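For the sequence shown, UniProt numbering begins at 1 and goes up steadily by one. Okay, so here's the structure we're looking at.
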Amino acid sequence: MRHYPAIQWSGEQYNKTYDFRTRTWYTEAITSPKDIIILLDRSGSMKGTKRALSQQIVNQILDTLNDNDFVNIYTFTNSTEPLVDCFNDTLFQANEENLRLLRENLNVYDEAYAANLVLGFRKAFDILENFRHTGTSARCNQAIILITEGIDYDYPKEMFFEHNKDKDFPLRVFAFQIGQDPNDAKEMEWIACANMGYWGNMTHMGDIREKMLSYLNVMSRPINYNGKMPNKMNRNYIWSYLHVDLADRRLSNWLWKKFEGIRQREVFLEHIKNDMVKKKKKMPPNYVLLQTHHEYEKYEGKSAYKYMTTVSLPVYGRREDETELVGVAGIDVPLYNFKERIPYYRLGVNGYAFVVTNNGYILIHPEHRTEFENILKPTFNRVDILEVEVLDDDKEPRLFGDAVIKLRELLVNQNETIPITLNVKFPLNDMKRVVLSKRHYYYSKIGPFTLGIVLPDKYGFTKVDAGNIPRPNPVEKIYNALNNSTFWTVHPEWVYCQKCKVDQTPVEKVKTAFIKNEKSDLLNALFYDLVATSWFDSTDSGFKLYIEEYLISHIFLSTHSGLTRWKRFNFIDPIVEPFEKREVKAIEEDWYKRSVEFTYDQDMFIYSVPFETLANDTTTMITSTKAVFVGEGSSKTPVAVVGLQFNHMKMYEIYSDVVTKCEKGIENCKITCQIERLSCYILDNNAYVLVSDQPDYIGKYIGDIRPDIMADLIDDKVYIPTRMFDYQAICQKLPPKKIPEEERVRIRKEKQRAAARARKRAKSSATRFGLPDQLLQIGKWILTTVWFLFRVVSGEENFVYQSINEDMIAFNKQAIIKTLPTPCDQERWLFNLNKSVKFPLSRYIDPKIKFECDWPYVVDRIPNSNLIFLATNDHGPCKGRPAPTYLVDPKEIVYNTSLPCYIATMNNFTRRMYMDCFNRDKQEDALNQNDRKYCGHTWG
């Protein structure tokens, strides 16, 4: 592999583990798809260093597998058991989630008895034969990889003839020996050489990587022979699954430990600071709290991961004596290269494009969430299209509907291009809101991948024809629009300029495109919008009065061409990052999507507040938006969204002014929101509190405040509940306890001694105690105690006091609970306002009738908005009412088995193998017979 010797080596541990020969682009190009069964010796002698060696070999083998391979691991002694119980008598896809499960279970099994090689091979032969031509296998290469110390039993060599040689070698056998017995070495070498495999002896950790990779070189031989043959078509291009440059597969767990180190540091420092303030201590100049730099600070920020796929081809050995491939040539294709070629402005708001692999996994999708707490999710590249296109139905989790399964089959198989229409649930605002909509799917193959286009119903088929938009004339209008204001930007990921420098800002690229007179439909639409909205920069005196009266912080405008304009009025400095730095993706912003979706059928303003705001926060802003359409009836289409942000205090003033006064024409009314026994709220269309007399309620789900009233609102169909599944969730779970080898040995010996004592007691009905022995033991205890106390008093044992010091105890209590980021499924309930309900609506309870939990309430729609007004008794949640079943907070879905097992057994859907299969070549038959060096022989 080409590299640059002058580049400084990284200090990161995970970078040092990088080996291109275990990367998917290399392993997929150098071998055809493969089914692998690993036979792992767990006999009683496989302890300590031998066990560590065998586990390292397994981990190295797993690193060479990818989505197009299938695998299983069996441990064998006097019986054969799957390493993972649910993966018995089967092969399963070697995706990252399944490989992760295998790695985690490598510490689970116990060693015992002697290893019966025959049982292991019989099991492996049977499974590979059963799966040789099924859809749940690679249907190409097959191999058994044996990892053992030596051969404890005689084995019939006829077994290999029966299952392999007599059938023209449908599989290979690789044998990796951990022991050093020369007789075992000869037998294992024979097994490997007689079965088109390779033998290797590994007694040191440093031997493993190079010798393990020999199995890939052997499996590359048929490809090399095919490439050397005249008039034979060479292999097709191999495209890898989604990956990140220079990242080890175990990077997520490693970075999570760093992240927890940062949290632990913050907790400890806060404890020390509070303690010093409490005890009125002074900090020395070099004290840790005053240090600005620390070891973990480089992990505090967000990492810029480079997502990519890689296309590769094998490099053939052309010399006569070259039997294996020389290597692999490849080129990385960053995902932004795909995205740059997708005309998002033509797809419009709530339309999008996605790309899936031949396995149905996501390469590009707007709902593909690859990161968690700024680190890569452990299985970010194993997200199925079924897990992001969630049907609007009542099915239980992972029981996907027939319609979306059919869509998946069409995408993967690439045989037909039948348009599909689905009713789906689409989340917004970090899965705190949900949109129910009808969507139309179109698709086409691009090499091994499939490109999908999704258009929303109604407005998705009517677009502004950017190609027919005239460029404003004269060009001075464009020049003025570009330069008269600095309060505008464009979508940072759309391509407005073809000949611009990479390091230019989006606005600089637009100006460069204008200077170079570049032409494109997107650029035309942008110039048109810039000129048409130039009025946005002017402000009359009447408008300024509104700004001051309503404490407006921002006004903004975004268009379908990616343009965003804004004005900022600094009454209060917001705590969060300014709007113009975080909300600049126009039609891809959630507020843009909501405005268009909810105002297409009804003209209204959409209001929202940040979720879970702090009590008495005077900087909380309410965002109000409205979509702008052109055209009439069914032919109208969204072209822009306008909006503003104003201080929540002003909304509360207006609210208080209205709800504390009597209705016009009524004097001395007794019931207003001012009385103590009444609680009033303004809720948005998703049941979040926009305004309340309790400041800490703002932005919260009303069901968390008054679950009894929310239950009534659901029963009366004011809100429609929707059960939403998150198949990309991460749960923070306690890691499995790893028992050190010394501890395992100690526990085993204790059990043996306990068993021996039990047998001894069983032989004698009574136990006699020797008085002299007892007195001797008591005397030793007294002397030891006196000597210990003497050392403490004399000051030789100060550490004793330190270990029980109050400060140390308090400090130890600050230790955080270490967790492991684990992929999981979660569910939550989300809500939408029922558009068909008739307002006002009230639940009246006759005051003469005694009631316990049926509080009366009144709810009414606030005109021209997505808001409702709710008034109810201020008795608080009813204690006698059952706990609510509609929880908006995410809850883990627990299956009757582990998640990878459930997916592998219940969600085993269509895959398509597009690679050529080269698993056998007659020229290879004589290699091992003529010279055993080709199968690992290294001595005379």
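Beta carbons: idealized from backbone N, C-alpha and C, even for Gly. On a predicted model such as this, the values are computed, not experimentally measured, just so you know.
Between residue i and residue j, what straight-line distance do the alpha-carbon atoms span, to the nearest angstrom?
i           : j           : result
residue 79  : residue 142 : 23 angstroms
residue 113 : residue 124 : 20 angstroms
residue 9   : residue 18  : The pLDDT assigned to residue 9 is 45, lower than 50, so where the model puts this residue is not dependable, and the model offers no usable value.
residue 569 : residue 553 : 5 angstroms
residue 715 : residue 144 : 60 angstroms
residue 322 : residue 165 : 25 angstroms
residue 327 : residue 924 : 19 angstroms
residue 859 : residue 425 : 27 angstroms
residue 812 : residue 450 : 54 angstroms
residue 919 : residue 403 : 37 angstroms
residue 32  : residue 223 : 8 angstroms
residue 341 : residue 465 : 18 angstroms
residue 700 : residue 419 : 40 angstroms
residue 803 : residue 735 : With a pLDDT of only 45 at residue 803, under the threshold of 50, the placement of this residue in the model should not be trusted; the figure read from the coordinates follows. Cα to Cα, residue 803 sits roughly 28 angstroms from residue 735.
residue 938 : residue 52  : 25 angstroms
residue 267 : residue 181 : 54 angstroms
residue 315 : residue 216 : 14 angstroms
residue 60  : residue 238 : 22 angstroms
Measuring alpha carbon to alpha carbon, tell me which residue in the options is nearest residue i.
i           : options            : result
residue 433 : 895, 890, 920, 894 : 890
residue 26  : 203, 182, 213      : 213
residue 595 : 609, 908, 625      : 625
residue 641 : 632, 679, 647, 589 : 589
residue 865 : 828, 690, 937, 697 : 690
residue 896 : 30, 179, 85        : 85
residue 827 : 53, 133, 723, 838  : 723
residue 888 : 922, 702, 936      : 702
residue 133 : 527, 159, 91       : 91
residue 375 : 254, 42, 152, 338  : 254
residue 470 : 330, 532, 421      : 532
residue 431 : 835, 23, 725, 911  : 725
residue 719 : 586, 128, 162, 686 : 686
residue 226 : 628, 917, 648      : 917
residue 527 : 555, 559, 472      : 472
residue 301 : 338, 372, 269      : 372
residue 448 : 146, 442, 505, 361 : 361
residue 122 : 188, 547, 405, 159 : 159
Thinking C-beta only, is residue j closer than 9 angstroms to residue i?
i           : j           : result
residue 39  : residue 74  : yes
residue 28  : residue 220 : no
residue 118 : residue 155 : yes
residue 116 : residue 87  : no
residue 874 : residue 677 : yes
residue 357 : residue 363 : yes
residue 359 : residue 93  : yes
residue 680 : residue 693 : yes
residue 902 : residue 387 : no
residue 928 : residue 194 : yes
residue 176 : residue 201 : yes
residue 945 : residue 499 : This structure cannot speak to residue 945, because the chain is shown only from 1 to 940.
residue 36  : residue 83  : no
residue 536 : residue 557 : yes
Tell me residue i's beta-bridge partners as DSSP assigns them.
i           : result
residue 34  : 141
residue 826 : 726, 892
residue 329 : 313
residue 958 : The chain is shown only over 1 to 940; residue 958 falls outside these bounds and no answer can be derived.
residue 858 : 842, 871
residue 538 : According to DSSP, which records beta bridges pairwise, residue 538 is partnered with nothing at all.
residue 621 : 647
Stretch-stretch touch, CB-based, cutoff 8 angstroms, three pairs: the stretch 671-684 with the stretch 370-380: no
Touch test, the stretch 435-442 against the stretch 481-498, Cβ-Cβ under 8 angstroms, three pairs minimum: no
Segment contact, 8 angstroms Cβ cut-off, at least three pairs: the stretch 449-467 with the stretch 475-483: no
Three-pair Cβ contact test at 8 angstroms for the stretch 41-53 versus the stretch 326-340: no
The stretch 197-214 touching the stretch 271-279, judged by at least three CB pairs closer than 8 angstroms: no
Inter-stretch contact (C-beta, 8 angstroms, three-pair minimum) for the stretch 511-518 and the stretch 580-588: no
Cβ pair count under 8 angstroms reaching 3, the stretch 811-826 against the stretch 720-735: yes
contact_flag[the stretch 522-530, the stretch 604-615] where n(CB pairs < 8 angstroms) is 3 or more: no
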